[in-house]
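Quick note: the sequence shown uses our numbering, first residue 9, plus one each step. Quick reminder that beta carbons are idealized off the backbone N, C-alpha and C, glycines included. Remember, it's a predicted structure, so these values are computed and weren't measured experimentally. Report on one structure; see the data block that follows.
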Amino acid sequence: MGESIKKKSKKKKKETHTVTMETIAENPNNISPMVGYFPSGYDPLRNTNDGVEELSTKLYRNVRRNNRLQVVVSPYGSQVDFVGTNYSGEATSAQLCTYSLGILDKETQTLKIVPIAANKIIRLEPRVRGSEVPDAEDPDTAKQELTAEERNDKMRELTQMYSSKKSIRQARKLDSLRQQEDTGNQEEFDRNIAGAINKEALEVTVATDSARNIPPHDLDATIPQLAYPLDRIISKGEWDFLLDIFELTEAGAEMTPDLYPSFVRNRSYKLEHIQDEDEKKRLAGILSFITHLVKFKDKHSMDGVSSAKHHKFPGILSQKFTSMFSISDSKRLPEEKVTLLINYVLVLTLFADDFRSDPSDIAKDLRINAVALRPFYEYLGCKLVREKNIVLATLPVPLVFPGVRRKRRR
9 MGESIKKKSK
19 KKKKETHTVT
29 METIAENPNN
39 ISPMVGYFPS
49 GYDPLRNTND
59 GVEELSTKLY
69 RNVRRNNRLQ
79 VVVSPYGSQV
89 DFVGTNYSGE
99 ATSAQLCTYS
109 LGILDKETQT
119 LKIVPIAANK
129 IIRLEPRVRG
139 SEVPDAEDPD
149 TAKQELTAEE
159 RNDKMRELTQ
169 MYSSKKSIRQ
179 ARKLDSLRQQ
189 EDTGNQEEFD
199 RNIAGAINKE
209 ALEVTVATDS
219 ARNIPPHDLD
229 ATIPQLAYPL
239 DRIISKGEWD
249 FLLDIFELTE
259 AGAEMTPDLY
269 PSFVRNRSYK
279 LEHIQDEDEK
289 KRLAGILSFI
299 THLVKFKDKH
309 SMDGVSSAKH
319 HKFPGILSQK
329 FTSMFSISDS
339 KRLPEEKVTL
349 LINYVLVLTL
359 FADDFRSDPS
369 DIAKDLRINA
379 VALRPFYEYL
389 GCKLVREKNI
399 VLATLPVPLV
409 FPGVRRKRRR
């Protein structure tokens, strides 16, 4: 008998890399990577040269609703297309997690974490080419896109019909909490309004608004945090109505582009690193207040009204903004009040960025060129500095406002 020769299996050694993680924020001007899958079992890499030359991939964006995307994967020589969307079918199911794509660069030892488009994994369904209209939008799709209030009503009806008694009691308790947050009984609402009104602050606001059209400020402040006192911008009674971002963060849910400005979404990571709950609520409240200001500007302007169509303003803030920015019968903000609103937003962005703020994303939210926004910062007493090809707005103290430039007579 010949001796049996045993082949020793060579185990591949696992490589260990010490990498630096870099999180890349979503850019509203660019589309993030799309991730999809084929439920039919189709293998795009089979019988192809690395799966590159035999496939055509196209991405479509809705003209009217730019948050709607459609992906079409077309194998060459086939009459079947694979089509997926982020607004119909499986993509409409509830989702409480956030997806990201990790890219490892071995040369630089860097792991980049990139958000994926629409935070959805697209289901690519097979369709025979020419058998259907190429996704002329389903007339029922608009009906599927319900407002938050309509979704809550439907969930309430389904809970009452099919849920257990315990779930029904929990739902009723949650509804009562929501009602208190939105309006509350008149007695409680009046109490909140009374707590929110600071007569001294109002007097200072009137004086400062008429003089420089900026938020209340203190020329004798020795630290940036007191130059524009936060308690005279966000009153004590208003903080309880600015907990939406804090609650989203605690639940691990995402901030969608249609509900929150890019500035706010790009700063949400800071909340994850704050351990103190009061400090976390403070930053979340500032970001929420910025959101309401930006949406209020959009609501009363020609170019952004669709963005704020379904935005819900707390009653206490809606009344405050309407009074502060003098909404006329035309529902448009006067030019000087637009300037005042922008000044309020910029001051709050300084608080959110520890008084070293990159104005690029808030400029897009306010629909203003970043260069055109610089005079607003200078008017607030800020100083613009350049660091690594990025212009940052800082706030030196004590505040020094630029003088009025007058032309010389010839």
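query, result
"Counting Cβ pairs closer than 8 angstroms, one from the stretch 248 to 264 and one from the stretch 375 to 390, do we hit at least three?", "no"
"Express the C-alpha separation of L301 and R135 in angstroms, rounding to a whole number.", "45 angstroms"
"Count the other CB atoms within 10 Å of the CB of A215; is the residue buried (16 or more) or exposed (fewer)?", "With a pLDDT of 38 at A215, under the threshold of 50, the modelled position of this residue cannot be trusted, and the question is left open."
"Name the two residues that bound the continuous alpha helix (DSSP H) containing V379.", "A378 to Y387"
"With DSSP as the reference, identify every bridge partner of P83, one or two as the case may be.", "L63"
"Just the C-alpha distance for V141 and F46, rounded to the nearest angstrom, thanks.", "With a pLDDT of 49 at V141, under the threshold of 50, the modelled position of this residue cannot be trusted; read the value that follows with caution. Straight-line Cα distance between these residues: approximately 21 angstroms."
"In its own chain, which residues sit with a C-beta less than 8 angstroms from the C-beta of Y387, not counting the 5 before and 5 after it?", "R220, I222, N351, F409 and P410"
"Would you identify the three-state DSSP class for P269, choosing helix, strand or coil?", "coil"
"For N274, count the other beta carbons within 10 Å of its own beta carbon; 16 or more makes it buried, fewer makes it exposed. Which is it?", "buried"
"Just tell me which of G389, D373 and S243 has its CA closest to the CA of P404.", "G389"
"With E23 as the anchor, note down where its beta strand (DSSP E) starts and where it stops.", "Run containing E23: none; DSSP gives neither H nor E here."
"With distances taken Cα to Cα, identify the nearest neighbour of V492 among S326, T402, S368 and L279.", "The structure shown does not extend to residue 492, since the chain is modelled only from 9 to 418, so the question has no answer here."
"How big is the Cα-Cα spacing for T347 and L407?", "19 angstroms"
"The ligand MN heavy atoms versus the CB of R69: any closer than 7 angstroms?", "Questions concerning the ligand MN fall outside what the structure shown contains, since it holds no ligand whatsoever."
"Quick one: what's got a C-beta closer than 8 angstroms to E231's C-beta in the same chain, skipping five residues either side?", "Going by the sequence as given, residue 231 is Ile instead of Glu. Once the five neighbours on either side are set aside, the close Cβ partners of I231 are V405."
"By how many angstroms is the C-alpha of K372 removed from the C-alpha of D366?", "12 angstroms"
"Return the chain-ordered ranges of every alpha helix (DSSP H) run that is complete within the stretch 344 to 369 and spans a minimum of 4 residues.", "none"
"Do the stretch 26 to 33 and the stretch 109 to 117 meet, that is, are 3 or more Cβ pairs less than 8 angstroms apart?", "yes"
"Out of curiosity, what's the CA-to-CA distance linking Y236 and L374?", "21 angstroms"
"My output table needs one value for R72: the three-state DSSP class, helix, strand or coil.", "coil"
"Tell me the DSSP secondary structure of D161 in three-state form.", "helix"
"Roughly how many whole angstroms lie between the Cα atoms of V399 and L234?", "23 angstroms"
"Pull up the distance between the alpha-carbon of V43 and that of V122, whole angstroms please.", "12 angstroms"
"Using the DSSP secondary-structure output, state which residues sit across from I401 in a beta bridge.", "Note on residue identity: the sequence assigns Ala, not Ile, to residue 401. Answer is S365 and L392, bridged to A401."
"Are Y107 and I124 closer than 8 angstroms when you measure CB to CB?", "yes"
"Less than 8 angstroms between the CB atoms is what I'm expecting for I298 and P269, so what's the real figure, rounded?", "7 angstroms"
"Let me check understanding here. Comparing Cα to Cα, which of T264, E62 and M169 lies closest to R76?", "T264"
"Could you tell me the distance, in whole angstroms, from the CA atom of A102 to the CA atom of L256?", "15 angstroms"
"Below 8 angstroms on the Cβ atoms is my contact criterion, and I expect K345 with S334 to pass it. Report the Cβ-Cβ distance as a whole number of Å.", "6 angstroms"
"Would you grab the beta carbon distance between F329 and F359 for me? Rounded to a whole angstrom, and I think it's under 8 angstroms.", "That pair is no contact at about 19 angstroms."
"Which partner residues does D89 have in the DSSP bridge list?", "R135"
"Tell me which same chain residues have a C-beta within less than 7 angstroms of the C-beta of L279, skipping the five on either side of it?", "T257, K288, L291 and A292"
"By how many angstroms is the C-alpha of Q78 removed from the C-alpha of R340?", "35 angstroms"
"For N127, count neighbouring Cβ atoms within 10 angstroms of its own Cβ and tell me buried if that reaches 16, exposed if not.", "buried"
"Under 8 angstroms Cβ to Cβ from I32, same chain only, skipping five residues before and after it: list those, please.", "K120, I121, V122 and P123"
"Determine the burial state of L53: buried for a count of at least 16 other Cβ atoms within 10 Å of its Cβ, exposed for fewer.", "exposed"
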